[in-house]
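Protein sequences appear in the order of chains L and W. Counting in this note's numbering, the first sequence runs from 16 upward without gaps. Counting in this note's numbering, the second sequence runs from 156 upward without gaps. Report on the following structure.
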Amino acid sequence: MSHRWGMAVDLDRCTGCSACVVACQAENNIPTVGEEAARRGRTMHWIRIERYYEGEFPNLRVKFQPVLCQQCDNAPCEPVCPTYASYHTAEGLNGQVYNRCIGTRYCANACPYTVRTFNFFNPVWDKPLDLQLNPDVSIRQVGMMEKCTFCVQRIKATEIQAEAEGRELTEGEPTPACVQSCAPKAITFGDLNDPESEVSRLARSRRGTKLLDELGTQPKITYLQRDSWDDKNS
Amino acid sequence: MERRDFLKLGVLTGATATLASCEKPAQQLVRFIPEEDFVPGIATWKPSLCTVCPAGCGMMVRILDGEAEVVRNGQRGLIKMGLAKKLEGNPKHPVNRGKLCARGQAGLQITYHPDRVRTPLRRSGQRGSGVFHAIGWDEALSEIVVKLQEVRSRQRTNSIRFVTGWVRGQRRELINKFLEGLGAPRALEFEPLDEPVLRRANLLDFGRPVLPSFDFARSNYVICFGADFLGTWNSPVAQSIGYGEMRRGRPGNRGKFVQVEQRMSQTGANADEWVPCSPGTEGLLALGLAHSVVMEKLRRSEQPAGVHNRDWAEPLTTETYSPTEVEKKTGVRASSIERWAREMADHPPAVALIGGAALAHTNGLFSALAVNLLNRTLGSVGTPGGVFFTPGSPAIKVARSLSQNSDFLSQLLSGGFENAEALFLYKANPVFATPPGLRMGEKLTRTPFIVSFSSFIDETSVFADLILPDHSPLESWLDDVPESGTSEAVFTLARPVMRPLHDTRAMPEVVMDIANRLGGEVREALPWKTFEEMLQASYAQLARSQPCNSTQDFDKLWEQILEQGGWRDGNCQLHLPEASASQFRVPEFSAPTFDGNEQEFPFYFQPYVSGAFLDGSVAHLPWMQELPDALSTAMWGTWLEVNPKTAEKLQVRQGDLIRVRSPHGTLEVPAVINPGIAFDVLAMPMGQGHENFGRYGSLRGANPMRILGLSEVREVGALAWAATRVNLSKVGQKGRLVLAAGALSEQGRDLELR
Chain L
16 MSHRWGMAVD LDRCTGCSAC VVACQAENNI PTVGEEAARR GRTMHWIRIE RYYEGEFPNL
76 RVKFQPVLCQ QCDNAPCEPV CPTYASYHTA EGLNGQVYNR CIGTRYCANA CPYTVRTFNF
136 FNPVWDKPLD LQLNPDVSIR QVGMMEKCTF CVQRIKATEI QAEAEGRELT EGEPTPACVQ
196 SCAPKAITFG DLNDPESEVS RLARSRRGTK LLDELGTQPK ITYLQRDSWD DKNS
Chain W
156 MERRDFLKLG VLTGATATLA SCEKPAQQLV RFIPEEDFVP GIATWKPSLC TVCPAGCGMM
216 VRILDGEAEV VRNGQRGLIK MGLAKKLEGN PKHPVNRGKL CARGQAGLQI TYHPDRVRTP
276 LRRSGQRGSG VFHAIGWDEA LSEIVVKLQE VRSRQRTNSI RFVTGWVRGQ RRELINKFLE
336 GLGAPRALEF EPLDEPVLRR ANLLDFGRPV LPSFDFARSN YVICFGADFL GTWNSPVAQS
396 IGYGEMRRGR PGNRGKFVQV EQRMSQTGAN ADEWVPCSPG TEGLLALGLA HSVVMEKLRR
456 SEQPAGVHNR DWAEPLTTET YSPTEVEKKT GVRASSIERW AREMADHPPA VALIGGAALA
516 HTNGLFSALA VNLLNRTLGS VGTPGGVFFT PGSPAIKVAR SLSQNSDFLS QLLSGGFENA
576 EALFLYKANP VFATPPGLRM GEKLTRTPFI VSFSSFIDET SVFADLILPD HSPLESWLDD
636 VPESGTSEAV FTLARPVMRP LHDTRAMPEV VMDIANRLGG EVREALPWKT FEEMLQASYA
696 QLARSQPCNS TQDFDKLWEQ ILEQGGWRDG NCQLHLPEAS ASQFRVPEFS APTFDGNEQE
756 FPFYFQPYVS GAFLDGSVAH LPWMQELPDA LSTAMWGTWL EVNPKTAEKL QVRQGDLIRV
816 RSPHGTLEVP AVINPGIAFD VLAMPMGQGH ENFGRYGSLR GANPMRILGL SEVREVGALA
876 WAATRVNLSK VGQKGRLVLA AGALSEQGRD LELR
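See below:
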């Protein structure tokens, strides 16, 4: 049975600590752009923590929401690409072939989640910071669009290992860097084709919602909304 | 063109390109023979430990082969070597259980930082000018030996001082043995993020001057006064793991979390109820809660666990701590206090904690004692779901200075630090992280001889006569004994995970070398040849004293410890002293005092520990500079947080440059309108405003320490860093404010797109 990778993010566990943001940067060779480019909104993070205030001082509630590529089943970014750089992989990921990308940025325009980032310049790592680069992930050059891959290199590595050992992947074996780093275990990753997997179970939760569901993009990330406390639920 | 011609041309141009590149010196580097074995392209994971903050998390480091430019025997060249690529938590480590925070993961960039000091340096310009030139190790060490001998001949060895940052385990042991051998006083510790007030309170209440650990995973109710325990405080990773379990780890049972503070922290943003109280009245609120809990328990004829004294409740039942009285001073509604007390009594285990700005008022000790008492009243001291202390094994000397006379900051405050003839600095940057009133820079200018082991030229090491760069943590032997965050004794130990890149030397071995050259008692104090040998000796001692460990073969055990990244002592479980009647002593409320009069300086100024930079010690890392702040989403700078109503009154808009003035100085920073801050409080993150800290961290933002007064926490002598008042005025232009939320095109148009 083929896999269909999905994610569940429990906003009741997420504390907004940003460990996932740095984990992603380290794993995927995401460059820093510097103050001026950041001011122009050109930071390259593939995952960001959105913060929403509800209410007014002092009756204030905050929601943190990590937002990354939703790996939509019906992805608006894919059909608009003139060079087929954005495509749908066999395992349901919204892939991006860097070598095909010619930088039209149509996909970024089409994406309602603004999770695609564009290389306005060649990335720079002041030596010897280049030694930190992960050789498993290619470096994207000027004019290329890039995005979250669900750490496809980590998924592939576990798949190859399991195949070499002649066995099926086990639950929790492939873990994207953001999932690995999350201390309160807010992010769960797994196979949506397996109805018994933790991620499938969470996707069925009564707190489960999809981001901008009304657009019909069919995201593969389920957000479990924050709960509130009352005397009865404990 | 014929295929053959094309190939010829290709060969020709290729050859020319090679020849041309030979002229560039960079291409003429020698190639060293690899010093280690590895399979190309195959990652290995090696245990190490995180030294970014005192939480002491265990790490696994991903190592892959690569080509690096290094220095070997004074010569620069290329080598194939194992390189650290990513830092993750060590799943076997009981503190962080496989997880690592943002700052810990970014610690990788310390090793590869382009501005690391790569060779020993000697000052050639004026003190503090930052003009240095490279010298050899031998020359540098001889110079130190000559100086120390000279001081010794004048019998002034008691004026040799060693100031470190937080340093635990055998490194501290080694430094103190060195000083003892020299006849110098023990090392002073400078850790701006430490909680000396909480230590003092725990010493008074529990006989242990240590930071607490919490069993949140089994708590049903958490009330926190000011501590950013999910972000930066104490052992944030361990606490975040427990928090996740408290919220969703037990089906059908979601614990409640209440946060009391004046400025909503990243932790406070997760609370079910977020409550601002008047600054410095947190302890009174805790006593008000304790009073109501006691009344509630008396009504139900319950007693806290471990209490047998019939009159235990007596001191708390007085009218002084009744909700209506407490409301008058704290500004928190009496009905809320009564409701929380009832909820806590209904949903045990409930636990309280305090930290951060709440302890940085002049009455911080009172507040800490009050929260300890609240925990006693709740019966949550040393019980599941409550507060406890991580045991230190009696077997190994937990070399950590906890007494006041080794605290550098309190010595500075009491004027006890003067006239050092020779000063050693290791992992401490007091010039940056102390208020201007302490005149740290002037003190260093007057010190005749300064040696720094810093890997970077920062505000403090810039004053040094000699900089002897330490290996990066990944290049070093490391050991640590975490103080909190786990219920069993744990010792973390790690060998270097990669070979050094630059002409640096490990601090412990440099100290041993100096001792050896000095000879006599100093040499005898440090009988080991390497730091590894010293670590091995201390672990051999540990193994001998563990009767349960039947492993006879120490070499085998040693390898096993290194493979796991440490040693857990499951037999050494937590325990607490028996509760006694005196532990229900009610601390007496004393009102906080503030620096600056209310008319001229109408706002309370609250610096807070930055989620990205802590106290500023990781502000040089580009990943941290470009990490959006959890609440403001700001990057690459400093800002001042203002309540929307206050901002409206003063006509301040988001991004306006404003001037904050205290009796001690002025800062200019852009404003961030924050709905989660009290009307009369202005908050600013610590960590930026470095004058000297590499290309990414220098001359960026502002340092709130620069405008703090020297108020002390009463009876502790610690710096009360939240006890300064300020005023605010507009400069009349926009400041440098970079926000992740909202692009440039939206700014100033009252829109926020993402």
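The beta carbon of each residue, even a glycine, is placed where N, CA and C say it ideally should be. This structure is a prediction, so every number in the text was calculated from the model and none was measured.
Please classify residue i: does DSSP put it in a helix, a strand, or coil?
i	result
L/A34	helix
L/W244	coil
W/D625	coil
W/L568	helix
L/E69	strand
W/N882	strand
W/Q414	strand
L/I117	coil
L/R28	coil
W/Y851	helix
W/E134	With chain W covering only 156 through 909, there is no way to say anything about residue 134 of chain W.
L/D209	coil
W/Y398	helix
W/M689	helix
W/G751	coil
Within the same chain, show all residues whose beta-carbon is closer than 7 Å to that of residue i, passing over the 5 residues directly before and after it, in chain order.
i	result
L/N248	Interpretation of L/N248 is limited by its pLDDT of 47, a score under 50 that renders its predicted location unreliable; no figure is taken from the coordinates.
L/R115	T98, Y99 and A100
W/E451	A496, R497 and A500
W/T793	V824, M839, P840, Q843, G844, G856 and A857
W/A170	Interpretation of W/A170 is limited by its pLDDT of 43, a score under 50 that renders its predicted location unreliable; the figure taken from the coordinates is listed afterwards. Excluding positions up to five away in sequence, the list is empty.
W/N425	L385 and F412
W/A695	F709
L/H18	E106, D206 and N208
Using beta-carbon positions only, say whether residue i and residue j come within less than 9 Å of one another.
i	j	result
W/T615	W/F572	no
W/D750	W/H819	yes
L/V138	L/Q156	It is Pro, not Val, that sits at residue 138 of chain L in the sequence shown. Yes, these two residues count as a Cβ contact at 9 Å.
L/L26	L/F79	yes
W/P747	W/H516	yes
L/R76	L/G31	no
W/M667	W/H626	no
W/L863	W/L874	yes
W/D634	W/L204	yes
W/R186	W/G221	no
W/P757	W/R594	no
W/L343	W/G592	no
The ligand SAM and residue i: does any heavy atom of the ligand fall closer than 8 Å to the residue's C-beta?
i	result
W/A649	Of the ligands one can find in the structure shown there are none, so the ligand SAM has no counterpart to examine.
Give every residue of the same chain whose Cβ lies closer than 8 Å to the Cβ of residue i, excluding the five residues on either side of it in the sequence, and list them in chain order.
i	result
W/D784	S765, G766, A767, M790 and P840
W/T479	A489
W/V286	R278, S279 and G280
L/F165	W20, M22, C84, Q86, L108, P191 and F204
L/I154	N44, P138 and L148
W/R850	P269 and D270
Short of 6 Å in beta carbon distance, which residues of its chain neighbour residue i, apart from the five on each side in sequence? Order them along the chain.
i	result
W/I551	Residue confidence is low: W/I551 scores 44 on pLDDT, short of 50, so the model does not pin down where it sits. Its coordinate-derived value is still stated next. Taken in chain order, the residues that qualify are L697.
W/A512	G381, Q761 and A877
W/N245	P202, G213, M214, M215 and G720
W/P503	none
Using only CA atoms, which one of the options lies nearest to residue i?
i	options	result
W/R355	W/V871, W/V886 and W/F579	W/V871
L/E69	W/S745, W/K889 and W/L786	W/L786
W/L358	W/T659, W/F544 and W/T685	W/F544
W/R326	W/V665, W/G771, W/A826 and W/S390	W/V665
(Q) Give me the subset of the region 386 to 403 of chain W whose CB atoms are less than 7 Å from a CB atom of chain L, sorted by chain position. (A) G386, V392, S395, I396, Y398, G399, R402 and R403
Q. Quick one, which residues of the region 228 to 254 of chain W are near chain L if we go by CB-CB under 7 Å, in chain order?
A. Under the 7 Å Cβ criterion, the region 228 to 254 of chain W contributes L238, K240, K241, E243 and K254.
Q. For the region 863 to 894 of chain W, which residues have a CB atom closer than 8 Å to at least one CB atom of chain L, in sequence order?
A. R891 and V893
**Q.** Near-chain W residues of the region 235 to 247 of chain L (beta-carbon distance less than 8 Å), N- to C-terminal order
**A.** D242, S243, W244 and D246
Q) Between the region 437 to 461 of chain W and chain L, which residues of the former have a C-beta closer than 9 Å to a C-beta of the latter? A) Taking 9 Å as the Cβ-Cβ cut-off against chain L, none of the residues of the region 437 to 461 of chain W qualify.
**Q.** Near-chain W residues of the region 148 to 160 of chain L (beta-carbon distance less than 9 Å), N- to C-terminal order
**A.** L148, N149, P150 and D151
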